[in-house]
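One structure below.
Residue numbers (the numbering used here), protein chains in the order written: chain S, 1 to 270; chain U, 1001 to 1270.
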């Protein structure tokens, strides 16, 4: 294989790799993890979802029109927003809307900086750049948002007595909530910070690996990766802060009440 | 409630009055008091369970005047805490309003109100750190920005509760339940509230700590009897007779004042 030429994979090659799922199956059976059903479902989803997105992207890249690219990006954002609200033992009314808003605003703002200011794509909707970069930003922002809001609800539940004591002493709602909000934002930002600390040493990020596999010089690939890391960091910070503040506004009234009744246990699904 | 009012005037009963919706249909507000408005006055204050729509506190009128020591008894789950928390404005009301010195407690005044009408919960919620950290905490809040922590005064209060001067340096994690409640009470008393709303503060304390709490409250009240008031929720009849001169009962979300009702019936018979 000469540099710059990608080894094409046939369906048979993929099937061989897919057989490796039996490793997981064997582990599950041997250790009685009772995960076989989940494993099978996850394997099927991986194959179907990726094949589907492959076809969709192939078509979108070839068609190359803003009125196709933009709705696709919006759909990706919506899915990330919904997924960002699905974590944790508790929820509150409006969590999904808050998650969508915070992920949408932060990811699109930061993606715009990356695409228009740093990479300067032409045309402005160039899907080959816009879609994967937004996707990476969304994936990480959604992790930050869901961890942050989950922690916010945990902290407020655990510190309920303190929050109420503070309010009873005459604290404003922000004075009563800020310790919990701080912990929540910290929890949301930690995964990105950890990732930034080990990148290149412990982990080779997927995008960089992909670029190198596709024949780009490692130095160029690394530059892209650096840009992406900072975009991801900025967006998850922004998204986490936004989501935690939105949760705060839902859980504390302007009359400085802690609306603890709005925090409800999530009904177990399935 | 013309009968109610005439009675108040003719008997010279200027102590507060309880008139439940079930008893009286028409209520003139605010009730006339020659010596000025009540310290705290609840007008048709109500609380409802958000999910089931059930009344937690039926629309209730209540006035607390300076110089009064009210004690509230009733079965557990009858709504005593709900009522006290409503008076402290810790939960959003589902009807009615509160007046403080005759003025409605608007959103802007709510923090100020809670500073002066202090609520003490049954289970004290202290911050991590030393006793002194906890006493200093209120002074970090915007509502107390003009006030300074007075260590000598705090020590004097602890001395009145039988604790030595080294008590300020103790870590809150080492405190017994009784000591923690004494700290929570001193934290409030050092701020010179006008009224104390005590939600079974001694229910889970040893007798010695319970006596210390009662003595602290009595000491605070005696300092300025004409300007201060308490509402004390208690399970213990002996304590109820010690800490209150005005007796209220709560049953299934309905507040009653047996003495006032007896007077009313008597008045109607004449």
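Even for Gly, the Cβ is constructed at its ideal location relative to N, Cα and C. Treat the numbers as computed from the prediction; the structure is a model and nothing was measured.
A residue is called buried once 16 or more other Cβ atoms fall within 10 Å of its Cβ, and residue 213/S, having fewer, is exposed.
Chain-ordered listing is empty here: chain S has no CB closer than 9 angstroms to the CB of residue 1150/U, the nearest sitting near 16 angstroms. Contact annotation for residue 1109/U against chain S: no contact, minimum CB-CB distance about 10 angstroms [criterion: below 9 angstroms]. In the three-state scheme derived from DSSP, where H, G and I count as helix and E and B as strand, residue 1171/U is classed as strand. Between the alpha carbons of residue 1067/U and residue 1060/U lies a distance of about 21 angstroms. Secondary structure at residue 1045/U: strand, using DSSP grouped into helix, strand and coil. Neighbours of residue 266/S in chain U, taken as residues at a C-beta separation under 8 angstroms, are lacking, since the least C-beta distance is about 16 angstroms.
Residue 1081/U and residue 159/S have their C-alpha atoms spaced approximately 19 angstroms apart. Assignment of beta strand (DSSP E) within the stretch 61-145 of chain S, counting only whole runs of 3 or more residues, yields 90-92 in chain order. For residue 172/S, the nearest beta carbon of chain U is closer than 8 angstroms to its own beta carbon.
Three or more Cβ pairs closer than 8 angstroms define a contact, and the stretch 1087-1101 of chain U falls short of that threshold against the stretch 133-153 of chain S. Chain order gives the chain S residues near residue 1115/U as 169, 170, where near means a beta carbon separation below 8 angstroms. Checking the DSSP bridge columns, you'll see residue 1117/U partnered with 1195/U. Residue pairing by DSSP places residue 160/S in no beta bridge whatsoever. For a cut-off of 8 angstroms, the C-beta gap from residue 1201/U to residue 1122/U is around 6 angstroms, short enough to register as a contact. In this structure, residue 1118/U keeps its C-beta atom at 8 angstroms or more from the C-beta atom of residue 1168/U. Residue range 1229-1233 is occupied by the beta strand (DSSP E) that includes residue 1231/U, with no alpha helix (DSSP H) assigned at that position. Residue 1266/U counts as exposed, since fewer than 16 other C-beta atoms from the protein chains shown sit within 10 angstroms of its C-beta. Residue 68/S and residue 53/S have their C-alpha atoms roughly 14 angstroms apart.
Around residue 1162/U, the same chain offers 1212 as residues with beta carbons nearer than 7 angstroms, after the five sequence neighbours per side are excluded. As the crow flies, the alpha-carbon of residue 1217/U is around 39 angstroms from that of residue 245/S. Every alpha helix (DSSP H) of 4 residues or more that sits fully in the stretch 1051-1091 of chain U is shown, in chain order, as 1080-1087.
Residue environment: residue 197/S is assigned as exposed (fewer than 16 neighbouring CB atoms within 10 Å of its CB, all protein chains considered).
Our two residues, residue 70/S and residue 1133/U, have alpha carbons roughly 54 angstroms apart in a direct line. Contact between the stretch 235-249 of chain S and the stretch 100-115 of chain S is present: 3 or more CB-CB pairs across the two stretches fall below 8 angstroms. Each residue's CA atom was taken as its position, placing residue 1181/U and residue 1050/U some 31 angstroms apart. One Cα belongs to residue 1228/U, the other to residue 1173/U, and the distance between them is close to 32 angstroms.
Taking a beta-carbon distance threshold of 8 angstroms, residue 1092/U counts as an interface residue toward chain S. Going by C-alpha positions, residue 1208/U is about 14 angstroms away from residue 1158/U. With a minimum length of 4 residues, there is no unbroken run of alpha helix (DSSP H) contained wholly in the stretch 244-269 of chain S.
In this model, residue 1256/U and residue 1041/U are separated by some 15 angstroms (Cα to Cα). Residue 162/S belongs to the set of residues whose beta carbon lies under 8 angstroms from a beta carbon in chain U. Close to chain S, meaning a Cβ-Cβ distance shorter than 9 angstroms, are the following residues of the stretch 1125-1148 of chain U: 1125, 1126, 1127, 1137, 1138, 1140, 1141, 1142, 1143, 1144. Under the Cβ distance rule, residue 127/S does not count among the residues neighbouring chain U, no pair being separated by less than 8 angstroms. Annotation for residue 253/S: 173, 259 place their beta carbon closer than 8 angstroms to its own, counting only its chain and skipping 5 residues before and after. For residue 131/S and residue 171/S, the gap between their C-alpha atoms comes out near 46 angstroms.
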